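Protein chains in written order, with the numbering used here: chain A, 6 to 318; chain B, 64 to 373; chain C, -6 to 519; chain D, 340 to 881.
For glycine and all other residues, C-beta sits at the position ideal for the given N, C-alpha and C.
Remember, predicted model here, so these are calculated numbers, not experimental data.
A short worksheet on the structure shown next.
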Amino acid sequence: MLGYILRRLAATIPVMLIVAVLVFLMLRLTPSDPAAIIAGDNANTEQVEDIRRRLGLDQPILTQFVIWMSEILRGNLGESFFFKKQVVELIADRIEPTLSLALFTILIAILVAVPLGTLAAYRHGTWIDRFVMGFSVLGFSVPVFVVGYLLIYVFAIELNWLPVQGYQRFSTGVGGWAQRLILPSLTLSVIYVALIARITRTSVLEVMNEDYIRAARAKGQTEGKVLVRHALANAAVPIVTVIGLGIALLIGGVVVTESVYTIPGLGRLTVDAVLARDYPTIQAVILLFSLVYVIINLLVDLAYTFFDPRIRY
Amino acid sequence: MTIDALQTESPGVASGSRPAGVWATSVRNRGVVAGALFVLFIAAIGVLAPLLGTLDPAEINPAFRNKKPGMERTMRADDGTETRMVHRFGTDTLGRDVYSRTLYGARVSLLIGVTVAVISVFVGLVVGLIAGYVRWLDGFIMRIMDGLMAIPAILLAMGVVSLTRGAGLLAVIIAIVIPEIPRVVRLVRSIVLSIREEPYVEAAITVGTPTVLLLIRHVLPNTVAPLIVQGTFICASAILIEAILSFLGIGIPSETPTWGNIMAEGRSLFRVYPHNIFYPGVFLALTILAINMLGDGLRDALDPRFAKRL
Amino acid sequence: MISLRRRVLAVLAAAAAVLGFSTAAHADGTLRAVMHSDLKILDPIWTTAYIVRNHGYMIYDTLFATDETGGVKPQMVDTYDVSADKLTHTFTLRSGLLWHDGQPVTAEDCVASIKRWAAKDATGQKLMTFVAGIDVVDAKTFVVRLKEPTGLLLLGLGKPSSNVPFMMPKRVAETDPNTQISDFTGSGPFIFKRDEWKPGDKTVYVKFDKYVPRAEPASGLAGGKVAKVNRVEWRAISDHQQAVNALLAGEIDFIEAPPHDLLPLALADPNIKYFDWNPLGNQYTFRVNWLHKPFDNPKVRQALFYAFNQEDFLKAVVGHPEYYKMCKSYFPCGTAFSSETGMDGLLKSDFKKAQEMLKEAGYDGTPIVLMHSTDLQVLTNLAPVAKSLMEKAGFKVDMQSMDWQTLVSRRSKKDPPTAGGWHAFLTSWVSADITNPIFTGFMNAGCDKAMFGWPCDAGMEKLRDQFARETDPAKQKEIAAAVQAHNTKIVTHVPLGQWYLGSPMRKNVNGMLRTPAPVFWNISMK
Amino acid sequence: MRMSDRLPVLSIDGLSVRLPTGSDRLHAVDNIALSVGPGEIVCVVGESGSGKSVTAQAVMGLLPRELKADAGNILLEGENILGCSPMQLRRLRGKRMSMIFQEPMTALNPVMTVGSQIAEVLEIHTTLSERERRKRVLDMMSAVHLPEPSRLINAYPHQISGGQRQRIMIASALALDPALLIADEPTTALDVTTQAQILRLIREMQERRGTGVLFITHDFGVVAEIAHRVVVMQAGRVVESGTRDEILQRPKAAYTRMLLAAVPSLDAPDRAPKSGPVALATERLSKTYGLGLGMSHAVRAAENVDLMVRRGETVGIVGESGSGKSTVARCIVRLIQPTSGAIRIGDVDVAQLPESRLRTYRRHVQIVFQDPFRSLNPRRTVGASIIEGPVNFGLGRKQATDRARELMQLVGLPPEALSRYPHQFSGGQRQRIAIARALAMEPQLLIADEAVSALDVSVQAQVLKVLDDVRRRFDLAVLFITHDLRVASQICDRIAVMLRGVIVEQGPTADVFRNPRHEYTRALFDAAPGRMTQFGAFAVST
C-alpha cells in the first residue's frame, strides 16, 4: 500500500507542474499592469516604473518563472503586491473559514444526499423517486447566490434566527462559529446534495439488479437489509468517487458563497486578488486548491480499498 | 436437414427499418420534449426581443433609475410625439429597462451556453479520439487533462477572464470552455477504449479497414449520443458559470446584458429593489432547469448504458 | 460492519451539542465599522488612497489641523511664532507627547516626517520651493527658514486630506518615500494591532491610554482628540446590501459610505440614525487628456463646458435631491474661494453652441476613448451620462468599461488612446482636498510634472505661484477667482456638481465630529 | 432411483405467468404442471426462452416486477406459494426452499466474506449465537468439500475459484436443510471438470439429506448425468415429461426428438486424413503478457504452439477457459502481436510483419467471433458490413454487393435481407452473416473462435452445417476453437488439446477420443457429462 501511495504522490508532481505552468503563463500575459495599480491614484509614471522594477515584473517571462518556481519550492509564496503581507500569512489567515465551510457542507451533503438517493432508488418509479430527481435537477439549476439571498431573506432577515453574514473564529466560541456556518453551508450544499443524490440513486439502482441481490432475497433476507448491507455497500465506490469529484464543484461554490456571506476565506481572497490582479496571491491560491483537489482524489482512491476488498494496491 | 428448412427461421420483420436513431428515441421522452420546448421558447424570446415591446437594453435615462415594476413613463421622441410605455420589470440603477435587458439577456446567455457546448464537444472529441486510439500519445494528453481538471473550473475561468480584462464575450467563452474540455476528452476516450474491444471493430481490422475509416465508421457513431447528452449538460453549466463570473464582477461588462450581470448589478439593492435579481434569476433558473431536464431526458432515452460514465 | 443507521445517529448527536445557540457576541465598548473600501496598504504617504488616510488619522497625530470652520489650529504644536520678515518660523511641541512604544516625540521626528511628506505630496513639493532649510533647535523645538514669505507653510502642515503630513518616528520617516513603511508606530489616539490585521477581513485599533489630548474641546480635526471607545474594528463587507443587513441586525455599528439608495432602508429602522460628518461633501469632475487629439485643442475642451449640465450627472448617480447640490465653481460651495466667476453660459447643455465650437475647432469625429469604471457604486453611472450628453453635442464616444483598478493603471499611461491610452474619465474628489488652487491637484498645469491628463499652461502655473505667495485672505480670494476664470478657458477639468454622503449608525454611537475624513476619536457607545 | 411415493415436496399445476403487453407471446409460462418428490432430482430442460427459469423464479416468489403469475398454484409441502404474503414468503425462503444461480462470479456479494454470506441465512432464520453460527458454517464448508474452511471463511469471493464459489452457494442454500433446492443452470458457466464435481456434490448432498431438487438446464449431457425425472419445455409449455430413460431413449414428442438429434454424440467417426496444401503452419508460437512495465509476474498465455491446417481440413483446438486457445487464434489473425515463433500463411511468415505490409495477408485469414450480438456493427446494414472487406481491397461496390447476395444465399438467408440491420436477426442468423462476411474476403483459412458456443443446441447444429458446406465448397482450411467436446468430435478432422498455454496432445479426432494418451485429456473426456448415454444417432457424414 505504501508503495502505491508514494507512486501516486510522485504522479501528482507532473500534474502540479502543469498546473503551475498554466497558472503562471495565464496571468503573465494579461494586458493590465499591476505596478500602476499598486502605485496608487496619482502616482506619476516613474514611480510606477520603480515599482515594476522592484517587483521584478520587467524581467523576461522565463526568468520570472524560474525565480518563481524556485521560491515556491522553498515554500516562499512571495509577498502579495496588494495586501503588503506574505502570501503564506494571508492564506494561513483564510484557511480556517473555507475549511469549516467546506467540512460543514460535505457533512450536510452526505448526511442528506446518500439516504435520499438510496430511498429514491429503493422506491424507484414512485413519487419519492420523482421528487428526489426533481430536487436534484433544481439543485443543479439555481445559481448558488440566488439560493444564498433567498435563505438570508427568509432565515436571517424575516425570521431572524440566524446571523446575516460574517464568520466567527472557532477559537472564539463554538456556538457562534457553528451558528454562522449554518446558512452558508446550507446554501453551498444544495448543488452538492443534488450531485450526490443523483449518483447514489443511479449506482444503487444498478446494483439492485445484480445476481447477489436476488441471491440475498432467496435467503429470505428483509428488503431493508438487502438495501443497506448488499446494495449500498456495493454502491459505495461510485458514491465515494462523486464525493471526491464534487470537491472541485464545491471550490467554485465556496468562492460565491464567501462573497455573499462575507466569509473571509480563500474564495473571497481569490476574487479580491483577481480584481486587483495580485499575481502572487492568485497563483498561490490556485496552486493550493489544485493540490487539495489532487490529494482528495488520492484519498478517494485509498478509500476504495476500505469499501471494496477487490481493490488492493 | 436441408438448407430450406433453415428459411423458416428468419422472423418476418419489415426490412430496412433503422435501429431507433437518436431522433426517434429522444422524441418519445417527456423530459426531452418539455426541456426542448422551453429552451426554444427562451431562444425565441431572445431572437424576437426587439418586437416584444422592448427598449434599447443599453439606453440610459438617469431620471428613471430604480423604478419598481409596472412604472409608466411617457417618452418624448425628438419630433415631439409622445409614447407611453410601461416598465414591466422596473428599471435598474442606470434607469435601463430590466424587462428589455432580461429578454436581450437571453441572447447572450444562450449564445454562451451553445458556443461553449459546441466548442468543448468538438475539441474534446478530436483530442479524446487521439488519446483513445493513439496509445503512445495517450499518457501525455491525459496528464495535461489531469492538470487542467485539477484547477477548479471557476478559478480557471477567473484566471482567464482577468487575463483578457474587458474583452467581454470572447474572454468569458474561452474561460468557460477550457475547464470543460478535459471532461469531454475523458468521456470520448473511455468510449473509444471500450469500443476498440468490440468484436465488430476487431472484425473490421481483420478485413483490412484502415484506422481512419475505422474511427469514422465504427467508433465515431458510438460517441454521437453520449456527446449530445454531455453537450447539453455543458451548455447548462456554462450559463451558470457566466452568471457566477458576472456576479463576482469579472464577467461580461454591463453594456451587453446577460442574466448574470443584470443580477450582479441588482445585488447591492436587493432588499430595496428586488426586481433586479428576481426576474433575471427566475429566467436563469428556469432555462438551466429546462436544459438539465433536456439532458436527463436525452440520457435516459439515448444511452442508458452510458449513464454511468457521465 | 457497524450499521449505517447507528453511525448516522452518532454524528447527529455530536452536531446538536456543538450548535449551542449563543447570542451575537455582545459589543463590550467595541465600535465595529464598515469602511468604503478594504485597508490593504498602510503607508499614508506612499499612496493617496482615502482609506489609508483614514487609517493615518487613527494612529498618527499632526502638527496642525483644520477645525470645523476650516481654520488651521495647532495640534501637536504648543507655541508658534513668526519673525518680522515672515521668513523664520519657530515651532515648539506640546509636552508629554509619546509614541505608542513609549518613546517621547522629538523635533527630529517631526522634521524627518515633514521632509518625507513634502517629497511625495504635491502641495509639499510646492512648499519646499519656498523653504531654505529646517533645523532642529532642541528636543521640542525646530525652525523653518523660508526664501520668500508664503501662506503655504501653515496650509501645508494643516492639510486635511491626502497626503496628510502625519508625524512618524525618525527611524520610520527616513524610509524612502517610494517604499512602503513597515513599522506602524504612531502617536495618535489609537494603536494599530498589527497581529490582528487580516486584509480583506478586518483591521483592529485599540485605545492609546498614554495619549495626551489638547485641553480645548474637539472641533473638526483640531482640538482635544479623546478616544472614548477602547477598541475599533474595521470590517470588510464588500456587499453593500449585506452591510446594511448587518447594521440592522446589530452585527456592526457604523457604515461609512453605503449607496444612497440603501439609506431609506437603513434609516427606516428606529435604532439607526444618520450623521453627515463631511458637510462640505464631494465634487464630481471630468478629466481630459491634453496629450492627444482632439483634446489638445482648447476649443474642443471648452465645448465640453457647453455640452454638460450638472443635474443629469447628480440625478443619475445620487438620485435623491437632498444628497446633491448644483455648484458651478471649481472650489466647492461652502468653502472660502468658491464663486461663479467665468461660469456664465456654461454647464447648461447648450448643444447647438457646443456643435458650433466643435466645427470651429475642426473636430474630425475621432471617437473619444471614455474610460468607464463599473465596480464603484458612486462612480459607475457617471460615464454613461457623459457619453449621452457628449454625443448630443456632436462628439463620437467610445465608452470602454473596466474595473477601477484597471482604470487607475490605464490613466497613468501616456500612449495614444487607440494603443492602451485614454481621452477622458470621471472621478470624485473630497471637497476638503480642492478648497484652493494649490490643493487642487487637477489644476497643476506643469506638463509632464502634472497629474495624469498632463495639462500644460504657463499662465495657470504663474497664477498658482502668485496664490502660494499671497498671505492676505482677500487677495487670495481675487487670485482664486482669476484662476477659475482662466481655467474655464484652458479647461484642465470640468466640475460636475457637489454631492453629500453621511453615515448611518446605531443609535448608541454618539459624538462623531464633522471632519473632511471620518475620524473615530470623540465617539462614545453607551 | 426411488420413485416419489410420499407427499411431493413441490407440486405445480395450471401455472401461467403473463408477459408484459407488447412481448412476442402472451405467457412466459402457460398452464404447466410438474412435481418434485423428496429425494428426487427433476430436470427441467428446454432452449432459451422456453420459460424454465421463469418457473423457478415463480416457485421462489422472485418473479421480476413486470411478470405476474395469473393462474394455477404452487404447493411447497402443501403450502400455496402464490397465496403467501411477503412476510410468509421470506420465512420460507432459505428455510424450507432455497436456490442456487448460474453465474458464480456475480451470485456472491463481492464486498462480503464468503463465511458471512453463509452465516447470513443462519442469522435470518435461527437464534444461534455468533460462535455457534461460525461453527455451523465451518461444518457446512467441509460438508461441501471446501479445502481449509478455517482459512477460506474469511476470504472474499474474488479470491476463490468458480467451482469453490458454487460450493459456497450450495453450502448456504443447504445450511438449513430445506425440503426443496432449486438449481438454475448451476454448472453452465463452469469448466467441464469442475462441472462434474459440482454435479456429484449436488447428488451426494441431495441423497444424504433427502432434499427434492428442481434442476434447470439446457444441456442434455447434464440431464443424462443427474436427472431422475425429466420435464421438457418449449415456448412456455410442458411438451413431455417422464423418467430419464423414457425421455432420453424413447422420446415421444417431435420437439424432444429434434432436440436430442441436435446433440452431437461423443464418439467421433473415422475420417480420411486430408492431403490438401498447407494453408497455415505455426512453429513454436508463443505469447507472454506483462513482460515489460515491471509487472512482477509475466503470464505465459501460449507457449511453443505448433499447428498445421491444410486446405479443406478442420483442425480443432479444445481446452478449458484460460487454456490459451483464443490467444492462439487472435495471434494467427494478428489481432494481437505474438511474442515469438512463426505463423506461415501459404509460405510467408506474418508473425512479426509491420501493419503496413501485413494488410495484403489479412484477406487470407478471417475469423468468426463467439458473441453474435456484438460481432456486427448495430448502426450499419448487414450488407454494408459484408461488403466492407472487399471494398477495402479495391472491389467496386456493385460487384461487392452482388458477391454479398450470393453469399447470403449460400449461408441460407434471403438476399434482400442485406438492407436490414443486425437487431432484426436471431443469434444463429447473425453468426451466418458473420460467416458470409468472412467468406467475402475469399480467405484460405477461416477461424471459428467458439463460434457456436453462445447458440441453442438446435441452432448450433444448423450453423455447423453451414460451416461444413462452405468448407467443402471453397476447400477452406478451418481452425475450430471450442470447449465443447461433443461439437469437436463431430466436426474436426484432427484436434489439439491445450492446457495452460501448451498443446498436451494432438492427432486425428477419432484416435484422440478413443485412446487419449495424456492424463489431462483423459480427465477431460471422463468429465464430459452424459458420455455413457447414446443420444439419437446423429452424425455429420464426412
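Under the 9 Å criterion on CB atoms, residue 162 (chain C) is classed as non-interfacial with respect to chain B.
Judged by pairs of C-beta atoms under 8 Å, the segment 236 to 253 of chain A does not touch the segment 78 to 92 of chain A, as fewer than three such pairs exist.
Below the 7 Å Cβ cutoff, chain D contributes 429 as neighbours of residue 227 (chain A), in chain order. In the three-state DSSP reduction, residue 336 (chain C) falls in the coil class, being neither helix nor strand.
The DSSP-derived three-state label of residue 237 (chain B) is helix. 439, 440, 441, 442, 444, 445, 446, 447, 448, 449, 450, 451, 452, 456: these are the residues of the segment 439 to 457 of chain D whose beta carbon lies less than 9 Å from some beta carbon of chain A, given in chain order. Partner residues in the beta bridge of residue 302 (chain C), as assigned by DSSP, are C:341.
Taking the Cα positions, residue 236 (chain A) is about 10 Å away from residue 228 (chain A). For residue 346 (chain B) against residue 330 (chain B), the beta-carbon gap comes to about 16 Å, at or over 8 Å, which does not count as contact. Here the segment 148 to 166 of chain B lies against the segment 121 to 128 of chain B, with 3 or more beta-carbon pairs under 8 Å apart. DSSP places residue 860 (chain D) within a helical segment (H, G or I) once states are collapsed to three. The beta carbon of residue 239 (chain A) sits closer than 9 Å to some beta carbon of chain D. DSSP places residue 748 (chain D) inside the alpha helix (DSSP H), whose first and last residues are 736 to 749. Along the length of the segment 191 to 245 of chain C, whole beta strand (DSSP E) runs at least 3 residues long occupy 195 to 200, 224 to 228, reported in chain order. The residue among B:127, B:234, B:119, B:287 with its C-alpha nearest the C-alpha of residue 167 (chain B) is B:119. From the listed residues D:825, D:536, D:805, the smallest Cα separation to residue 817 (chain D) is found for D:805. With a threshold of 9 Å between beta carbons, residue 241 (chain C) makes contact with chain A. Judged by DSSP secondary structure, residue 497 (chain C) falls within the beta strand (DSSP E) whose first and last residues are 496 to 499. The Cβ of residue 309 (chain C) sits closer than 9 Å to at least one Cβ of chain B. Counting along the chain, no alpha helix (DSSP H) covers residue 393 (chain C); the unbroken beta strand (DSSP E) around it starts and ends at 390 to 395.
In this structure, the CA atom of residue 170 (chain C) is about 12 Å from the CA atom of residue 56 (chain A). Ranked by how close their Cα comes to the Cα of residue 328 (chain C), the residues C:50, C:59, C:55 have C:59 in first place. Taking C-alpha positions only, residue 513 (chain D) is separated from residue 392 (chain D) by approximately 20 Å. DSSP places residue 103 (chain C) inside the alpha helix (DSSP H), whose first and last residues are 100 to 113.
Not a single CB atom of chain A sits nearer than 9 Å to the CB of residue 472 (chain D). Your pair residue 641 (chain D) and residue 840 (chain D) checks out as a contact, with CB atoms roughly 5 Å apart and the cut at 8 Å.
Residue state for residue 522 (chain D) is assigned as strand, using DSSP reduced to three classes. Partner residues in the beta bridge of residue 654 (chain D), as assigned by DSSP, are D:818, D:833. Bounds of any beta strand (DSSP E) do not take in residue 823 (chain D), whose DSSP letter is neither H nor E. With respect to the C-alpha of residue 623 (chain D), the residue from D:785, D:581, D:667, D:607 having the closest C-alpha is D:667.
Residue burial annotation: residue 165 (chain A) is exposed, with fewer than 16 other C-beta atoms found within 10 angstroms of its C-beta. Within chain A, the residues placing a beta-carbon under 7 Å from that of residue 344 (chain B) are 151, ordered along the chain. Not a single C-beta of chain B is nearer than 9 Å to the C-beta of residue 487 (chain C). Within a 10 Å sphere around the beta-carbon of residue 785 (chain D) sit 16 or more other beta-carbons, which makes this residue buried.
Closest in alpha carbon position to residue 701 (chain D), among D:681, D:783, D:653, is D:783. Taking a Cβ-Cβ threshold of 9 Å, the residues of chain A close to residue 213 (chain B) are 17, 20, 21, 23, 24, 253, 294, 295, 296, 298, 299, 302, in chain order.
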